[in-house]
Structure formats: structure tokens, C-alpha cells
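> Quick one: this structure, given as C-alpha cells, is what I'll be asking you about.
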Amino acid sequence: MTGAKDRMREKKMRNQPRNVTYTSAGRGAGRGQGSQVCGWVRGHQPGGHGYSQDLPKYITASYFAKARAAEVNAMLKAASSPAGSCRVFSALPKHMRRRAMSHDSKRLPLRLREGALRLAERSQRTPDQQKKPVPKSRSRRARRRHGNLLLEFNRRQKKSRWLETHIWHAKRFHMRKSWSFCVPLTPTAKSFRASYRAMDTHALLQDLSYFCCLELQGSEDQILRALARLTNKQTGRTFAAVSCLSGARQGILQLYKADRFPQGSLGPAEFLWRPRAPDASLRQLWIWLHPALKQEVLSELLLVCRCSQAVSEDRHPEADRHPEADRHPEADRHPEADRHPEADLYPEADRHPEADRHPEADRHPEADRHPEADRHPEADRHPEADRHPEADRHPEADLYPEADRHPEADRHPEADRHPEADRHPEADRHPEADRHPEADRHPEADRHPEADRHPEADRHPEADRHPEADRHPEADRHPEADPAGRKRKRKRDGGDTGPPSKRLLGDGTRPAGAPVRWESTDTHITIRDLTMEIVRFRLIGPLAHTVLTDTLRPASEMLSGENESLHQQQTHTFQLLRGVCSTAELPAGCVLGLTVDDPRLTLPQKRGKTVPDPQLSTEEDGVRDLRLRGVPAHCSQSSLWDESTRECVTRDRLSDRELNRSRSALLVPGSRLSSSSAVPVLLVHHAGRVCGEERRHWGSGWDLLLPKGWGMAFWVPLVYRGVRVGGLHMSVKHSQFMGQPHFPHDYPDCPAGVRFQSEQELELLEKFKRRPPSKRTNFIKHGCLAPFRCPWQQLTEEWEELVSLSEETASRDETPFTVLRSLKELRLLSGWIRHRMRLRMTPDPPRTRLRMTPDPPLTRLGVTPDPPLTPAAATALQQEFRRSLIWVRLRLLSKGQPALHAMVCVPTTSDLQLLRTDGHCSGPQEPRHTDHLRDPQEPRHTDPARSDPQEPRHTDPARSDPADPERRERVLRGVCPPPLPRVVSHCSRQTLGWVTQGDFSLTSGCGEALALISLTGLTHTLLTQPKDQRGLLLLRNPSSLQYRFAQISLDT
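Just so we're aligned, residue 0 is where the sequence shown starts under numbering that gives the first Met the number 0, counting upward by one.
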């Protein structure tokens, strides 16, 4: 038999019974000799002896049939009794099968229909506890209904709250769930360089509404006395700063636990005082925090303010919901209806002052004397007779307009001739009568002559007998029960008869009864949690003010209680911003209050890029005064501080649908609509790079504060002005380009920073494990002990021990490390680093070489020069801040790109001499280390250089106990397991610290890194370096053996 026939025969034998085999002997003997020699052999071959290849001369029919009967019966049973996922229709040929056979037995032939029915009955007789509950399936059309979408969106916000711009971001960004929020991370398109150009030349837009706001209200002296325990003057500004106390400036400070400075760091915070009012004795203070440190700061505030009484503001579920009607079916409702969403739930809502002034109420003075109203059979049995009867019977009326019609009303012979016949005559007296969907389709419905004269409309017999027909719980499950044969819209699951779902606004996911306000009976201070109550947008770039002046228009009508003269002064100051060339020209932190019109009224037809026009502002004196002095203090006042004003503005917001309807009714298409709503806003200027000598004021911009519910109304007009939108990743890069620490990445001594490092370690470790073992970096051979998390505590302890041993003053306490933030000591260290010969890259033909040029002398009048660097001064600083870290900025002198957790090392004398002789030197290299943690199964090669066999060997701690398999599983190949050896002297160059942020900087055109290094190690290094090369360090990435020269700078 040929090879092809052999393979074909094996393919056919795959599905044969086990007792029918094709022997290998016959296969080999019959190769090339035809089919006479080889044959089929049945049964088992004990001992490896084969049976005869010849056919039997005779067989006994009875025995042969009896042997085959069992096999035939098993085959018939398997075909006739389907099991598992098999069905009866699987017995049919494939060309006769239909998809509907799985649920419709009439599609099956008659001979198989009975078996299908039995199978269906057996599945129904299965106990419920054994059946797996099948979720109720809904069509995509039903799922995409706006009311059902809102229910789904609200359910998905139970764990991670959404910003008001979440839907817009989710279509264009990668989203990340962090700090109980769903925040945008990076855009799906390549836009890193475009975002940098926007920050550098135009404007970048970010949504920072996830930042938490805590409001303190009380006496100014009591607030300052309590908050003084959380700050320290050595770190900079406090809550009592004169420039910020008036409310004209926003301040930034560092918070600590009560009376724990310099230990117990919490994190940075921004604060803003409300300007003083002439007749107000209490002050208001807003403290803006990152959500990662909100709970720690709130606990400390309750402690220092002695606010032990928690007040739970039980607001109705509809109170925090948005009166959104642009995509809702209830957009047909009157604008006044959106202002009172609880009108159907609370009878008191009918007595709202707006109800008495309803425009529809004055149109029907004769409504009370209508003849049909006195003859209504249900008039005596309804205490709410003034309300529309359909309002109680149709709680879903706003969500499903068709539900307002009675199912029997379609049968009435006069119903088609009188579309308004279903309306009760009493509806004309109800202030909410415009809620009826027919009212918007028929503006003259209230004056329809036939509607009031129809005698059978209100006395329909079926309507009186079935007052609850539309609320029947089975109505949504049997849409075909409509006698008219019409499909009715499906109600919400569970027969919920509550009001229609609205989009959650503010912190709507807070549990019911959770306290949002705390009061103190001793200090009379009230703390209120305003998280998600105020929308905060950030514009970064030199033309951020131009985008704001082009988007916002001062309100033509002021809010109630506002001062007209103050509004005019604020408008004049806002118009002066047009004459400013760059946002960086204004004083840092100035605040401007303003009341503006709805920006959707001035939305451009096409998206364009806003450019400045210097000719718009002709008041040069006013612009000059604004650049020098900033915004006046009285212009910082805003109605946004009042909670009642914020709630009123949120409630009175017009929906997009109503706005578009008014726009379509214009006589001249494209003309501007008249403004009907004014919005109070706050414009807060934030400074860019204020420390250092390079790129001063880079990254400055404006923050726009809005009441909740107005996020998308301002977001889309800002995007239409040509700004670039950034996410969380660009916030980190913005801080890196400015040379400032970013929270919580660069705060390892804060609780939020510790949690971030733990999460980052797990993320990097999982990413490392996802790579194949052959493609993973062996960090042990590269001499990197901490590729995923930096051991800051061990670093400070080892440097203290190293320096103390030389001075014989070692200490053994367990003091935790801190980050040095005292401005006096930081300026002293910065002066020691600057007093050196600076390396500059100067073009010198025919090649570029490094020249040593001294820094210009820093002499200022009235400023005491810093003391020089001496061993005594360094020792005094080391003893005062023994285990402290310093946040520094590193710039590579040659090529290279710093990576995360790169090692900052001390160069040796030979390294500095090499750089002096060759300015183009890349740097030294680290010798490759030996991996002592290799696989235990690998054979250990003996070292021929070892002469003493009794010398102790360096053994693997995981291999010391071969009977411990769990410990070997915990050891990851290529990563040094804990406990770590000495991190300072592990490599050929001593380690000073590690990089927390590193990348190629587009602002400076070279590699830059932000690192934390040991204060003790830095002062020890500066003392040993030559004066002309002071501040030169080495940088090495975790996955490389190449050191790069870098220059250290300390910006204060």
C-alpha cells in the first residue's frame, strides 16, 4: 500500500470502535503489494501476536447479529435521545434545519414534533433551584431607549463616578478608574506632540472636576486658628497669607497632620477665600484637594475644627438629578415643568409660586365653570381634584408619551376625530397642563371648540372602570394585549411607577443619609463637602485668556441679588483681557468673578482656532494696570459662592432640545437668540513655572469654575474654539515640563503616595510577567535591586550610617524618612550647587566641545549672601534633617532618555577626569553582575580559581532549603527577592536616589528627569567634588549598563 493510501486508511479508522484496529504489521508488510495481503483485524492482540490476515471461511449469523445488536441499540439511543446542547432537529439533514426550530415546534416535521414537545416539558418541570436563572433579554432597540440608557448609566456609576463630560471623553479617550472616578487617561489618536504645541503656543483643555472641594464657613479668627495646626511657615504660604486672605488671590500650600511637622505630610492643596462682604460676619473658604488625599485631610479638618456633629442632608433622589431634556421625551414639557420635577410626587409642589403665575392659567378664566367639570363622576372621590387625573395614572408619561392614552381610548369611534377628547376638562386649570404630550403638538388645544363640547370624551365607560389600567404590572410584558393591536412602549423593569430617570449630577452616587456637612458647637465652624458640586475646567497655554474672551459673553441680565455697578466693573476688567498678549503677563493666582450668558447661544458654525486681536482693546492704561496689579479685590466676588444660586442656576438650565427649537423658530436663520439664563462663573489664574531661571511662567493658564449641570454647555463651545483636549497623562507631562512634582507620583512620604507606589508596583510587575521569560530583562545582572518600587527608607538609613560611621555618631532609631520642603534649606542647597563652573554647549568650529564658563555672580541689594559650603555647615544640615529626601531636576549632558526608576549615582574621580578630558564622553559602564538566583535545576559550574574548598559560597536564599517549593515559586527570575542587600554600595558607583519621572523633554530638547535623592548623600557628594564640577552626577536606566552624565539643579 502506498503512503497516500495508508494515510487515507488511518483517517477512515479514526472514528471506528476500539475493537476494530488496523495492525502495523499488515501496514508494513502490505506496502507496495496491493490490498490482498493487508486487511482488517478485529479485537485485542494479547502478547503482541497478530491475527491472520485472511478472511474467515464462514461466520455464524446468530452470534454475529447478537454482537452487533448492542452497538446498533446504542447508536439508535444516542440519535433518539438528545442530551446536553443537542436538540431533536439535529436528526434532520442540514438543508432541512431552520433557526426557528429551537423555539417553535411547528417548524419541525410531524414525526419529530412529539419529541420536541416532551423535551420542552421536561425542561419546564426542572426545579427552579436547579435551573440557572436566565436574565431577561431585551432587544437592542429597547436597551437604546433614552430612559433605559439613563438607568444603565446610573447603575454603572455606583462604583466609579462619571464626570459630566464622560460620554464625550469615552468616545475619544482611554478611560481609567482611579480614586473612585472614571477619568480620561490618553486620547485614542496620536496627539502627544500636538498637545505640547497647544500648551506652548495656544491652549490645552482639561476637565478637573474630579478634584474635591471642602468648604469651611465660620469666623475668620476661628478658622485661621484651627488651620494653623495643619501648615507651617517654613514651607511657604499658609491660609493666613495677606495676598490670599482678601480673596483676590488663590494660594497653594502643603498640608501636614495636626502638629506633626515635618513628619506626617498629607499633600498639596489649593485654597481660595471668599472676598469680604461689608455686612457679613462669617467667612467662606474653599480648599481644593486631589481625591487621593480627601479622606485624610477631611479627618484632620474635623479634628482641628472640633466638628463632631454630622448633619445628613437627606435630599430627594431627584434633587441631584439633572433636568436634562435635550435627549429626553419629556422635552415636550413646559420649561417651568423642569423647574419642579417633584410636582407629581409631592402635593405641596402644586402650590409653588411659579404655579400661580403659569401662563396657561390665565388663558381659561371660565375653566372653573365648565359644565362637564361639575358632572365628573370621580370629582368627589379625588382630594387632588385640581390635578390632572392623567398625572396620577401615568407616572411614566414624561418618559413614554404614548402611555398617556388609555388603551380603550383607541376604540372610541370619536377618538380619531377629536385628538384632544382624551383630555379631562379640568386639565385647563392645572398649572402643569403643558406636560401632556398632546399639548405641544396642538398649541391651540386649550381653545379647541370640539374638545370642550364632546359629550363622550370624559364619560367613557371603560375609562371609569379601569383607572389603573395603564399602571398594570403586566402591561410591559404583554404589548400585544392592546385591543387596538398597537405596540405600546415598554415600561421599566419591576413595574416602577416612580418619576422618569434623570442623569445624575454632582455626587449623586453618595449613599443615602451619608453626611455632607459637619458642625461644631465649640468653634461654630461648618465644614461642607462640595465634591462634584462645582465643575472645574483648566486651560493651559499663552492664549487661554483669548479662548475665554471669545467663548464667554457677559450677561445682559443679572441674577437676583447682584450689584449692577459691580457687574459692570467685572465686565470692564474681563474686556481688558483682550489686550493682554500672554496669560503669563498676569499676576499669579488672580481671581475674577463674572456672570455670563449661555455660551451655546454664540456657538460658531464651524470649529476654528481662536487668535488674539490687539485692536479690540484700546485702553492701554487699563491693560498696563491689569498686568502690574492684577484683578481688583472687589471684582473677585461672585454669586457662585451661594448654594441657593447654584441650585437655581442648575435647575433653570435650558435643554438642548428647547434651545434648538427656539433656534429653528427664528425669522432670520443664524441670528443670535435672546439670553434667558445667566450663569455665575469664577476665573482663577494659575501660575506656570515660577521657580528656577529657565522657562519662567511656562505652563500658566486659567481655571474655569461653574455650577454643576453646565459642564457640557461650556465644554463644547470651548472645544469649538480650537483648543486641544488632554487627559491625566498630559497632567503628568505638564508638571514634568514645568519641573515641578506631581501628586501623588512624587510624594512618597504621603499616605496617598504610598498607596500609589503599591499600585504602580503591582502594575509594573504584572507587565513584567506578561513577557516571555526569554524576553524579560534580568535586573540582577544589571545591578538593579528595585526595578518596580524604590526603597526610600533603606536608602536614607544606609546613607546616614555611611556618613555617621566616618564621624562615629551613628544612631539606631527607626525615624521614618521625609521629603525636605523647608524653603530656607532648599535655597541654601541651591546656592551651593550654583557656585560652580557651569558646563555649556557652545558651537566652536570645526566641532562642538564643552567649555567651562563660570556663573555670573548673584549679587542683589538687601540680600544676605548664602554661607559657603563647608564641612561644618554640611554636618549641621545633616544632623538637623538626618533622613530626608530632596526633590531635584536632572538634565543629561549628552544623548540618552531617562526611564522610570533610573538610578542616580555618584561619579568617581576618574569619571570626572574623563569628562574633563573628553567632553563628548558618554560615560562609564557598569560591569555585568552575576545572577546567583538562577534556576535550581541548572548545573552549577565550578570556579577553577577557587583554591580553598572550605571557603563559604554565596548561595541562593531560595535554594538554601530545597524542600521549600513555595519559596522558590515566590522568587521571580531576574528580580532580586526581599530582603534586599545594601542598595547604596551594591554597584560600582554609590546610589543617591531614583528617578520618579523621566523622558525626553520637548521644552529643553534633551533628556530630563525628576528624581528624589538623599540629602545626606548629596551634601557628602558636594564636599568631595571639585568646585568647577560640583553638581555633576551619573544616571543609569534599570535595563542598561551605561551611565550618562547629568547636571543637577534645585529650583526654589
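Glycine residues also receive a C-beta, built at the ideal position from the N, C-alpha and C atoms.
(1) Among the residues of its own chain, which have a CB less than 6 Å from the CB of Ala1111, if the five just before and after it don't count?
(2) Across which residues does DSSP place Thr990 in a beta bridge pair?
(3) With H, G and I counted as helix, E and B as strand and the rest as coil, what does DSSP make of Ala225?
(4) Less than 6 Å between C-beta atoms, sequence neighbours within five positions excluded: which residues of the same chain meet that for Glu532?
(5) Counting along the chain, where does the beta strand (DSSP E) carrying Val887 start and finish?
(6) On the DSSP bridge assignment, give the partners of Leu203 in chain order.
(7) With a threshold of 8 Å on Cβ separation, who are the neighbours of Leu602 within its own chain once the five nearest residues in sequence on each side are excluded?
(8) Should Gly560 be labelled buried (16 or more other beta-carbon atoms within 10 Å of its own) or exposed?
(9) To which residues of the same chain is Glu518 closer than 7 Å at the C-beta, ignoring the five residues directly before and after it?
(10) If you follow the beta strand (DSSP E) that Thr594 is part of, which residue opens it and which one closes it?
(11) Helix, strand or coil, according to DSSP, for Tyr195 in the structure here?
(12) Would you be able to state if there are at least three C-beta pairs under 8 Å between the stretch 898 to 918 and the stretch 781 to 791?
(13) Report the rounded CA-to-CA distance for Phe172 versus Asp206, giving the unit in angstroms.
(14) For the candidate residues Trp287, Asn147 and Ser245, whose alpha-carbon lies nearest to that of Glu214?
(15) To which residues does DSSP link Lys176 through a beta bridge?
(16) For Trp709, which three-state DSSP category applies?
(17) Hey, how far is the Cα of Arg516 from the Cα of Arg662?
(18) If distances are taken between C-alpha atoms only, which option among Val722, Pro186, Leu184 and Trp640 comes closest to Thr1052?
(19) Mind listing, in chain order, the continuous alpha helix (DSSP H) runs of no fewer than 4 residues lying wholly within the stretch 601 to 657?
(20) Does DSSP classify Ala276 as helix, strand or coil?
(21) Do you know whose CA, among Ser734, Leu653 and Gly629, lies nearest Gly247's CA?
(22) Per the DSSP calculation, Ile212 is bridged to which residue(s)?
(23) With H, G and I counted as helix, E and B as strand and the rest as coil, what does DSSP make of Tyr62?
(24) I'd like the list of long-range same chain contacts for Pro514, defined as Cβ closer than 7 Å, with 5 residues on each side in sequence excluded.
(25) I'd like the span of the alpha helix (DSSP H) that includes Leu565, first residue to last.
(26) Measure the C-alpha to C-alpha separation of Leu1031 and Arg228 and round it to an integer number of angstroms.
(27) Between the Cα of Arg877 and the Cα atoms of Leu1017, Pro978, Phe999 and Phe742, which residue gives the shortest distance?
(28) May I ask you to report which of helix, strand or coil DSSP gives Gln308?
(29) Where do the N-terminal and C-terminal ends of the alpha helix (DSSP H) with Val1015 fall, by residue?
(30) Which value, in whole angstroms, describes the spacing of the CA atoms of Gly997 and Asp597?
(31) For His741, which residues of its own chain have a beta-carbon under 6 Å away from its beta-carbon, when the five flanking residues on both sides are left out?
(32) Nearest-angstrom Cα distance between Ala197 and His684?
(33) If we call anything under 8 Å between Cβ atoms a contact, is Thr929 one with Arg882?
(34) Considering Cα atoms alone, identify which of Val887, Arg915 and Ile1012 is closest to Gly738.
(35) For the candidate residues Val648, Arg820, Lys157 and Ser1000, whose alpha-carbon lies nearest to that of Leu252?
(36) Kindly indicate which three-state DSSP category Cys1005 falls into: helix, strand or coil?
This is what the structure gives:
(1) Because residue 1111 is not part of the residues shown, which for the chain are 0 to 1051, the question remains open.
(2) Reading the sequence shown from its first residue, position 991 is the one you call residue 990. Looking at the DSSP assignment, Thr990 forms a beta bridge with Cys904.
(3) What you label residue 225 is simply residue 226 of the sequence shown in a count that begins at 1. In the three-state reduction of the DSSP assignment, Ala225 falls in the helix class, which pools H, G and I.
(4) Within the sequence shown, residue 532 is the residue found at index 533, counting from 1. The residues are Gly505 and Lys707.
(5) Numbered from its first residue, the sequence shown carries residue 887 at position 888. Element bounds for Val887: Ser883 to Leu891.
(6) By 1-based counting over the sequence shown, the position of residue 203 is 204. When beta bridges are read from the DSSP output, Leu203 appears opposite Ile539 and Arg723.
(7) As a first step, residue 602 is located in the sequence shown; it is residue number 603 there, counting from the start. Short of 8 Å from the beta carbon of Leu602, and not among the five residues preceding or following it, lie these beta carbons of its own chain, in chain order: Val715, Pro716 and Tyr719.
(8) As a first step, residue 560 is located in the sequence shown; it is residue number 561 there, counting from the start. Burial check for Gly560: the Cβ neighbour count within 10 Å stays below 16, so the residue is exposed.
(9) Position 519 of the sequence shown, counting from 1, holds the residue named residue 518. For Glu518, where only same-chain residues beyond five positions count, the Cβ hits under 7 Å are Cys306, Gln308, Val310 and Thr525.
(10) The count along the sequence shown starts at 1 and reaches residue 594 at position 595. It spans Val590 to Asp596 - the beta strand (DSSP E) in which Thr594 sits, taken as one unbroken run.
(11) Within the sequence shown, residue 195 is the residue found at index 196, counting from 1. Looking at Tyr195 - three-state DSSP - the assignment turns out to be helix.
(12) Contact holds: three or more Cβ-Cβ distances are below 8 Å.
(13) Numbered from its first residue, the sequence shown carries residue 172 at position 173. Numbered from its first residue, the sequence shown carries residue 206 at position 207. Taking C-alpha positions only, Phe172 is separated from Asp206 by approximately 13 Å.
(14) Here the question's residue 214 lines up with position 215 in the sequence shown. Checking every option, the nearest Cα to that of Glu214 belongs to Trp287.
(15) Stepping through the sequence shown from its first residue, residue 176 is reached at position 177. Paired residues: Cys181.
(16) Taking the first residue of the sequence shown as 1, we reach residue 709 at position 710. DSSP places Trp709 in coil when its eight states are reduced to three.
(17) Position 517 of the sequence shown, counting from 1, holds the residue named residue 516. Position 663 of the sequence shown, counting from 1, holds the residue named residue 662. Spanning the two alpha carbons is a distance of roughly 42 Å.
(18) What is shown of the chain runs 0 to 1051, which leaves residue 1052 out entirely.
(19) Listed in chain order, the complete alpha helix (DSSP H) runs (minimum 4 residues) inside the stretch 601 to 657 are 619 to 628 and 642 to 650.
(20) In the sequence shown, counting from the first residue as 1, residue 276 sits at position 277. Reduced to three states, the DSSP call for Ala276 is coil.
(21) If you number the sequence shown from 1, residue 247 lands on position 248. The displayed chain sequence assigns Ala, not Gly, to residue 247. If we check each option's Cα against that of Ala247, Gly629 comes out closest.
(22) Counting from 1 along the sequence shown, the entry for residue 212 is found at position 213. Per the sequence presented here, residue 212 reads as Cys, with Ile not at that position. Looking at the DSSP assignment, Cys212 forms a beta bridge with Trp287.
(23) Within the sequence shown, residue 62 is the residue found at index 63, counting from 1. DSSP places Tyr62 within a helical segment (H, G or I) once states are collapsed to three.
(24) Translated into positions along the sequence shown, residue 514 becomes position 515. So the list reads Ala309, Val310 and Ser311, once near-sequence residues are dropped.
(25) Reading the sequence shown from its first residue, position 566 is the one you call residue 565. Segment Glu563 to Leu575, the alpha helix (DSSP H) holding Leu565.
(26) For the purposes of this step, residue 1031 is taken as residue 1032 along the sequence shown, with counting starting at 1. For the purposes of this step, residue 228 is taken as residue 229 along the sequence shown, with counting starting at 1. In a straight line, the C-alpha of Leu1031 is about 39 Å away from that of Arg228.
(27) Taking the sequence shown and counting its residues from 1, one reaches residue 877 at position 878. At residue 877 the sequence reads Gln, which differs from the Arg that was named. Closest option to Gln877, Cα to Cα, is Leu1017.
(28) On the sequence shown, position 309 is the one that residue 308 refers to. In this structure, Gln308 counts as strand in the three-state DSSP scheme.
(29) For this step, residue 1015 is matched to residue 1016 along the sequence shown. The question names Val, but residue 1015 in the sequence shown is Thr. Taken as a continuous stretch (DSSP letters only), the alpha helix (DSSP H) holding Thr1015 covers Leu1014 to Thr1023.
(30) Locating residue 997 in the sequence shown gives position 998, counting from the first residue. Locating residue 597 in the sequence shown gives position 598, counting from the first residue. Counting only the Cα atoms, Asp597 lies some 42 Å from Gly997.
(31) If you number the sequence shown from 1, residue 741 lands on position 742. Shown here for His741: same chain residues with a beta carbon closer than 6 Å to its own, the five before and five after excluded, namely Val731 and Ser734 in chain order.
(32) One-based indexing of the sequence shown puts residue 197 at position 198. One-based indexing of the sequence shown puts residue 684 at position 685. Cα to Cα, the separation comes out at about 18 Å.
(33) Working through the sequence shown from its first residue, we reach residue 929 at position 930. Working through the sequence shown from its first residue, we reach residue 882 at position 883. Not closer than 8 Å, so no.
(34) Position 739 of the sequence shown, counted from the first residue, corresponds to residue 738. Looking at the Cα atoms, Val887 is the closest of the given residues.
(35) Against the sequence shown, residue 252 aligns to sequence position 253. Nearest option by C-alpha distance: Arg820.
(36) Taking the sequence shown and counting its residues from 1, the one referred to as residue 1005 is at position 1006. Reduced to three states, the DSSP call for Cys1005 is strand.
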